[in-house]
């Protein structure tokens, strides 16, 4: 099948920002294939010269990583914005790099001290 669905249920107590991983083996296939030239591969003494065998082992694993973040409701829902509304692409209309990330934020004091931000000459900047 092109799409397979796996479900896992568990109860874990985590603080905001902590991570938890669930993992396990979901499929194991072992193939042992013997190919032989018709009739010659079945001969008692010379048969192994006309046979070949192959062994293939395939395993698939599934790992689920969970990192919850506690989100507190805002006082005014009209002032809330999605994270993508604060990001600007560093490409001009033709898709070529402009060698600048984006215009710097107007009020740097409004940015929380120590907050992660995008760095570098290309990519996205989050104001």
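In our numbering, the protein residues as written are 233 to 359.
All C-beta atoms in this analysis are idealised placements derived from N, C-alpha and C, irrespective of residue type, glycine included.
All values derive from a computational prediction rather than experimental measurement.
- Roughly how many whole angstroms lie between the Cα atoms of residue 241 and residue 296? 11 Å
- Message: Assuming contact is defined by CB atoms lying nearer than 8 Å, are residue 305 and residue 248 in contact in what I supplied?
- Response: no
- If you run the structure through DSSP and keep just helix, strand and coil, what is residue 278? coil
- Would you report the Cα separation of residue 252 and residue 264, rounded to the nearest angstrom? 38 Å
- Give the single residue among 267, 283, 311 and 255 whose Cα lies nearest to the Cα of residue 294. 255
- Whether residue 289 touches residue 266 by CB criterion (8 Å): no
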